[in-house]
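Below you'll find the structure, written out as structure tokens, and then a few comments.
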Amino acid sequence: LGACEPEPVLDLGWFNAPASRRMLMHTKVFGRYEGKEEVMSVNPTYTEINVIDNYAPTARAKVMVKDEAGNPVPDACVEFKLYNYAEFHTVATKHTDDG
Numbered sequence: 001l002g003a004c005e006p007e008p009v010l011d012l013g014w015f016n017a018p019a020s021r022r023m024l025m026h027t028k029v030f031g032r033y034e035g036k037e038e039v040m041s042v043n044p045t046y047t048e049i050n051v052i053d054n055y056a057p058t059a060r061a062k063v064m065v066k067d068e069a070g071n072p073v074p075d076a077c078v079e080f081k082l083y084n085y086a087e088f089h090t091v092a093t094k095h096t097d098d099g
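This is the structure in structure tokens:
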């Protein structure tokens, strides 16, 4: 179906299949946001949130960064990347907690 032709069920669009394969679907909300969605970044005028839960089943991934001795590294920068057009693109950047 085309983009403006109705589907037989509600909340189904041409983008549902591609959206279900995404790592991140984000949007910007004006001001500080305190909702249930994962906050990706906070800026002076808006908050960027991850809304992928609205489009596909999701699961959380736990990443642990350890030093050579096997100890957790606090505040380590972790970048989640997607391989596209022959290079890696950063999808999200997070920092580890204190262990």
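Heads up: the sequence shown is residues 1 to 99, going by the working numbering.
Every residue, glycine too, gets a C-beta built ideally from N, C-alpha and C.
*With which residues is residue 49 paired in a DSSP beta bridge?*
Translated into the one-based positions of the sequence shown, residue 49 becomes position 49. In DSSP, residue 49 forms a bridge with 27 and 39.
*Which residues mark the beginning and the end of the beta strand (DSSP E) in which residue 92 is found?*
As a working mapping, residue 92 is identified with position 92 in the sequence shown. Element bounds for residue 92: 87-95.
_Best match in 56, 34, 50 and 68 for proximity to residue 93 [C-alpha to C-alpha]_ = If you number the sequence shown from 1, residue 93 lands on position 93. Comparing Cα-Cα distances from residue 93 to each of 56, 34, 50 and 68, the minimum goes to 50.
*Use the C-beta contact count for residue 184: other C-beta atoms within 10 angstroms, 16 or more gives buried, fewer gives exposed.*
Past the edges of the chain, shown from 1 to 99, lies residue 184, and the structure says nothing about it.
*Per DSSP, what kind of secondary structure is residue 19 in: helix, strand or coil?*
Position 19 of the sequence shown, counting from 1, holds the residue named residue 19. The answer is helix: DSSP assigns residue 19 an H, G or I state.
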